[in-house]
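Worksheet: one structure, shown below.
2 protein chains.
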Amino acid sequence: MKGNLVIGQSGGPTMVINQSLVGLVKEALKHEEFQGIYGAENGIVGILEERFIDLRQESDNTLEKVAFTPSSALGTCRHKPTEGDCKKVFEVFEKHSVKYFFYIGGNDSADTCHIVNEIAKKEGYELRIFHIPKTIDNDLPLNDFCPGYPSAAKYVAESFIGNDLDNRALPGVKIDVVMGRHAGWLTAAAALARQKEDDGPHLIYLPETPLSVTDFVRDIDNVYEQHGRCLVAVSEGITNANGKSIGEMLTSKKDSHGNVQLSGSGALGDMLVNYVEMHSKHKNMRVRTDTLGYAQRSFPGTQSEVDSKVAYMVGKEAILYALKGDIDGSIAISRLSKEGNDPVFETDLVELKEVAQKTRTVPKKFISESGNNVTWSFIEYARPLVGELPVKGYLEKTRVYR
Amino acid sequence: MKGNLVIGQSGGPTMVINQSLVGLVKEALKHEEFQGIYGAENGIVGILEERFIDLRQESDNTLEKVAFTPSSALGTCRHKPTEGDCKKVFEVFEKHSVKYFFYIGGNDSADTCHIVNEIAKKEGYELRIFHIPKTIDNDLPLNDFCPGYPSAAKYVAESFIGNDLDNRALPGVKIDVVMGRHAGWLTAAAALARQKEDDGPHLIYLPETPLSVTDFVRDIDNVYEQHGRCLVAVSEGITNANGKSIGEMLTSKKDSHGNVQLSGSGALGDMLVNYVEMHSKHKNMRVRTDTLGYAQRSFPGTQSEVDSKVAYMVGKEAILYALKGDIDGSIAISRLSKEGNDPVFETDLVELKEVAQKTRTVPKKFISESGNNVTWSFIEYARPLVGELPVKGYLEKTRVYR
Chain Y
1 MKGNLVIGQS GGPTMVINQS LVGLVKEALK HEEFQGIYGA ENGIVGILEE RFIDLRQESD
61 NTLEKVAFTP SSALGTCRHK PTEGDCKKVF EVFEKHSVKY FFYIGGNDSA DTCHIVNEIA
121 KKEGYELRIF HIPKTIDNDL PLNDFCPGYP SAAKYVAESF IGNDLDNRAL PGVKIDVVMG
181 RHAGWLTAAA ALARQKEDDG PHLIYLPETP LSVTDFVRDI DNVYEQHGRC LVAVSEGITN
241 ANGKSIGEML TSKKDSHGNV QLSGSGALGD MLVNYVEMHS KHKNMRVRTD TLGYAQRSFP
301 GTQSEVDSKV AYMVGKEAIL YALKGDIDGS IAISRLSKEG NDPVFETDLV ELKEVAQKTR
361 TVPKKFISES GNNVTWSFIE YARPLVGELP VKGYLEKTRV YR
Chain G
403 MKGNLVIGQS GGPTMVINQS LVGLVKEALK HEEFQGIYGA ENGIVGILEE RFIDLRQESD
463 NTLEKVAFTP SSALGTCRHK PTEGDCKKVF EVFEKHSVKY FFYIGGNDSA DTCHIVNEIA
523 KKEGYELRIF HIPKTIDNDL PLNDFCPGYP SAAKYVAESF IGNDLDNRAL PGVKIDVVMG
583 RHAGWLTAAA ALARQKEDDG PHLIYLPETP LSVTDFVRDI DNVYEQHGRC LVAVSEGITN
643 ANGKSIGEML TSKKDSHGNV QLSGSGALGD MLVNYVEMHS KHKNMRVRTD TLGYAQRSFP
703 GTQSEVDSKV AYMVGKEAIL YALKGDIDGS IAISRLSKEG NDPVFETDLV ELKEVAQKTR
763 TVPKKFISES GNNVTWSFIE YARPLVGELP VKGYLEKTRV YR
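This is how it looks when you write it as structure tokens:
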């Protein structure tokens, strides 16, 4: 079926989201079914405003550079489309003879695809819609991992390598707040920083396990007594015993999805530091915090190789699925070889409604029974995704006789 | 003169401080004048407690790995020694037959060297004392740059590359807070992130220029009107019109030097966001902040090559100065070729008292007249230190006819 194609990027940027864009465009250029190859600026918002870019005009050299550039080259949006918006999308597509729509994003973007698809079906318009997975949160169901996660996890692990070395040199308690509102995948990745026995992070708190702040202080005191220092990884989405987000209780700011804004503020970390200082047994203990920030999704030059390759692959294969007939769906990633550090990945097409608005949290097998750490299974899962990390060198420290 | 040698690390860690340590140890191993080669744990604190490590026992392989590992391998301290402490240092040195003392650190460490040296002179004890420069703040006088600064500057520039791409994809105001209490060198380095005309940071505020918060909001509004977004670099040490630190007014916490604690908290950024939201002409503008955090001094794997080499060189050359006779001083770095991207550096020995407790702020020629930016001279100064940065790729964006 000949027609024009629209590709859009949605939600939070990642370090490899442009790999998917470029993988898709370069494959589409090979097939005469795709006439116009259009990029929508700022996702669904740009479609509603008819802001399209002619991606056929981009040179190969530009595309290559864009692929390795973090963040969304087409711009992105956090607009949650109404059903009315979705109808408008369909009208714009009709006007521009769009027969293929690809949307790179998380579970909200899958939902947008799903709704637009249902309307197109109802109206009898042949439109092939594909959701291409992307999210540093790693929380899409039916995927081994989500493109964007491994690179963000690598940045988090490298930050914790640095913070552990820093905390070792100038000992105290350090609490680092990591992104992830509903799922602790990215916070869990802090564990990859560990290279020897007493390396931090010594404690890891995910939103999947309700947190008692009393236990939190007790855990920190215990580690501090054992090592003379303590490095802590805390998810921005940690909840209290009643399942309420602790960060959300500290702020009333909302983002444009109506979600309380957790990132782009240091409030949660500062509150935890104050709480520890007030309630720890150890007075005069040095307590500091860092909130890792947007670098987690956009720091340049440290992308995971697996992430870059698979992100490119899902873009490319979305085109191949689109050529197979009147189908639509969400590209899902599975891992063929479960063992070893050089995993092989392949894709399937799953139904949009299976991915739309669903969240895959960190399963129990990846969380320690104590609730303040991850298991070895998690390390085995995550390490091959992230790839090699900088190796820490330590002095042996033979003591001089006094 | 034969005798034992003590080397210590002091103040905030850097990504290359261990290059200086290893450069010194490897050179010392070649000269029979140095008998024991001892590392003091946690700087002056470890000397007072006689916690010495026998660095002759470290393998070459370990030393190589340690050289490329960020943060202080011997541990560090923020202890400001009293004159009594300095006398105690001298006693410990006498007990352990220490004839050579090397201290890697900033201006406080130079001061420690200076005081110990004066006491040794008074007592007629032959002690050769050398201060080896290190600080991400880049604020030691008589140096072209301070080891540690180029790598921290590289991390800052890379963060701003990522944050600019992120802000471009999801437009709004982003305020990033950068380390540097009294000098704006590190904040100024954010400018290296710019690769094309409208790249951020669009505004840069250093502690050297008193800041009116009214002007701050007006500047941001102006940029926002021009670009539809605005990325801002703010030093943690910015001061108001009365010369008072704005960050210090927000917190009463002090570090062990008695300085108000600015790092390890997100308070300044959060306050600036609130202020902009309240006073901007543009309501509903998306305003976010990140406080870059300890990664600035300890992120692994992204060291500047020039920084690593020069940090190694100052350690090595400190040994060569120590062999020249009864001298002492601070190693100072000068740049031979002022032009081009491949500068050559050499060292001099300057008097300890010339460096002790002195701060070199960013000179006027590096700050724009408007006070909210850096000049091209600064870029020419800093770029060769930092070296190559990841290149951003942008789509050309040929528009599709509506």
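Protein chains in written order, with our numbering: chain Y, 1 to 402; chain G, 403 to 804. For each residue, glycine too, the CB sits at the ideal point set by N, CA and C.
Straight-line gap, Y312 (chain Y) to V22 (chain Y) (C-alpha atoms, nearest Å):
Answer to the nearest angstrom: the Cα atoms are 7 Å apart.
Please state if the CB of Q421 (chain G) and the CB of G445 (chain G) are separated by a distance shorter than 7 Å.
In this structure, Q421 (chain G) does not lie closer than 7 Å to G445 (chain G) by Cβ.
Helix, strand or coil: how does DSSP classify G200 (chain Y) here?
Judged by DSSP in its simplified three-state form, G200 (chain Y) adopts coil rather than helix or strand.
Select from the region 288-306 of chain Y all residues with a C-beta closer than 8 Å to any C-beta belonging to chain G, and list them in chain order.
For the region 288-306 of chain Y, which is checked against every Cβ of chain G, the residues closer than 8 Å are R288, T289, D290, T291, L292, G293, Y294, A295, R297, S298, F299, P300, G301, T302.
Classify W376 (chain Y) as buried or exposed, calling it buried when 16 or more other Cβ atoms lie within 10 Å of its own Cβ.
Residue environment analysis places W376 (chain Y) among the exposed positions, since fewer than 16 neighbouring C-beta atoms fall within 10 angstroms of its C-beta.
Quick one, which of G:N540, G:D539, G:D487, G:G526 has its alpha-carbon nearest C515 (chain G)'s?
Nearest C-alpha to C515 (chain G): G:D487.
Beta-carbon proximity of H498 (chain G) to N406 (chain G), cut-off 7 Å:
With respect to the 7 Å criterion, H498 (chain G) and N406 (chain G) are classified as neighbours on the basis of their beta carbons.
Between the Cα of M673 (chain G) and the Cα atoms of G:V619, G:K489, G:D600, which residue gives the shortest distance?
For M673 (chain G), the nearest C-alpha among the options comes from G:V619.
S72 (chain Y) vs P141 (chain Y) beta-carbon contact at 7 Å:
Going by C-beta atoms, S72 (chain Y) is not nearer than 7 Å to P141 (chain Y).
Spell out a yes or no on whether the region 574-583 of chain G and the region 624-642 of chain G are touching, meaning 3 or more CB-CB pairs, one atom from each, closer than 8 Å.
Yes, since at least three Cβ pairs between the region 574-583 of chain G and the region 624-642 of chain G fall closer than 8 Å, the two stretches touch.
Beta-carbon of F52 (chain Y) versus every beta-carbon of chain G: anything under 7 Å?
Yes - at least one Cβ of chain G is within 7 Å of the one on F52 (chain Y).
Using a Cβ-Cβ cutoff of 9 Å, what residues of the region 469-488 of chain G are near chain Y? List them in chain order.
The region 469-488 of chain G vs chain Y, Cβ under 9 Å: A469, F470, T471, P472, S473, S474, A475, L476, G477, T478, C479, R480.
Buried versus exposed call for A241 (chain Y) [16 or more other C-beta atoms within 10 Å across all chains shown]:
Answer is exposed; the Cβ neighbour count stays below 16.
For L364 (chain Y), tell me which candidate among Y:E126, Y:H227, Y:F378 has the shortest Cα-Cα distance.
One detail in the question is off: residue 364 (chain Y) reads as Lys in this sequence, not Leu. Measuring from the Cα of K364 (chain Y), the nearest candidate turns out to be Y:F378.
3-residue-minimum beta strand (DSSP E) runs that sit fully inside the region 415-457 of chain G, ordered along the chain
Here the runs fully enclosed are 436-442, 454-456.
Within the region 189-249 of chain Y, ranges of the beta strand (DSSP E) (whole runs, at least 3 residues):
Taking 3 residues as the minimum length, the beta strand (DSSP E) runs contained wholly in the region 189-249 of chain Y are 203-205, 230-235, in order along the chain.
Alpha-carbon to alpha-carbon, I7 (chain Y) and T611 (chain G)
Cα-Cα distance, rounded: 46 Å.
Under the three-state DSSP convention, the category F160 (chain Y) falls into:
DSSP, read as helix, strand or coil, puts F160 (chain Y) in helix.
Taking the straight line between their C-alpha atoms, what separation do you get for T464 (chain G) and G695 (chain G)?
T464 (chain G) and G695 (chain G) have their C-alpha atoms some 28 Å from each other.
Three-state secondary structure (DSSP) at N4 (chain Y)?
Here N4 (chain Y) sits in strand by DSSP.
Can you pull out the residues from the region 776-801 of chain G whose beta carbon lies closer than 9 Å to at least one beta carbon of chain Y?
Listed by position, the residues of the region 776-801 of chain G near chain Y (Cβ gap below 9 Å) are L791, P792, V793, K794, G795, Y796, L797, E798, K799, T800, R801.
Can you find a CB in chain Y that lies within less than 7 Å of the CB of D601 (chain G)?
False, the Cβ-Cβ gap to chain Y never drops below 7 Å.
Would the beta-carbon of N545 (chain G) fall within 7 Å of that of A734 (chain G)?
Their beta carbons are under 7 Å apart, which means N545 (chain G) touches A734 (chain G) by this criterion.
Restricting to runs no shorter than 4 residues, where is the alpha helix (DSSP H) found entirely within the region 482-528 of chain G?
Within the region 482-528 of chain G, the complete alpha helix (DSSP H) runs of at least 4 residues are 485-497, 509-525.
H279 (chain Y) - containing alpha helix (DSSP H), residue span:
H279 (chain Y) -> alpha helix (DSSP H) spans 267-279.
Can you give me the C-alpha to C-alpha distance between G243 (chain Y) and M179 (chain Y), rounded to a whole angstrom?
In this structure, the CA atom of G243 (chain Y) is about 18 Å from the CA atom of M179 (chain Y).
What does the Cβ neighbour count give for L787 (chain G), buried or exposed, with the cut at 16 atoms within 10 Å?
Counting other Cβ atoms within 10 Å of its Cβ, L787 (chain G) reaches 16 or more and is therefore classed as buried.
Tell me which residue opens and which closes the beta strand (DSSP E) that L349 (chain Y) is part of.
Where L349 (chain Y) is concerned, the enclosing beta strand (DSSP E) starts and stops at 345-350.
Looking at chain A, is there any beta carbon in it that lies within less than 7 Å of the beta carbon of A571 (chain G)?
Note that chain A does not occur in the displayed structure, where the protein chains are Y and G.
By the DSSP assignment, the alpha helix (DSSP H) with F780 (chain G) in it spans what residues?
Taken as a continuous stretch (DSSP letters only), the alpha helix (DSSP H) holding F780 (chain G) covers 778-788.
Burial state of E27 (chain Y), where buried means 16 or more other Cβ atoms lie within 10 Å
Looking at its Cβ environment, which holds 16 or more other Cβ atoms inside 10 Å, E27 (chain Y) is buried.
Interfacial residues, the region 664-681 of chain G to chain Y, with Cβ spacing under 8 Å
Under the 8 Å Cβ criterion, the region 664-681 of chain G contributes S665, G666, S667, G668, A669, G671, D672, V675.
Using the three-state DSSP reduction, which class does R570 (chain G) fall into: helix, strand or coil?
It is helical.
A318 (chain Y) - DSSP class collapsed to helix/strand/coil
Three-state result, A318 (chain Y): helix.
Could you name the residues of the same chain whose beta carbon sits closer than 6 Å to that of D692 (chain G), not counting the 5 residues immediately before and after it, in chain order?
Counting only Cβ-Cβ distances below 6 Å, and skipping sequence neighbours, we find D578.
Comparing alpha-carbon positions, which option in G:A593, G:D513, G:A442 lies nearest K755 (chain G)?
Put simply, of G:A593, G:D513, G:A442 the residue whose alpha carbon is nearest the alpha carbon of K755 (chain G) is G:D513.
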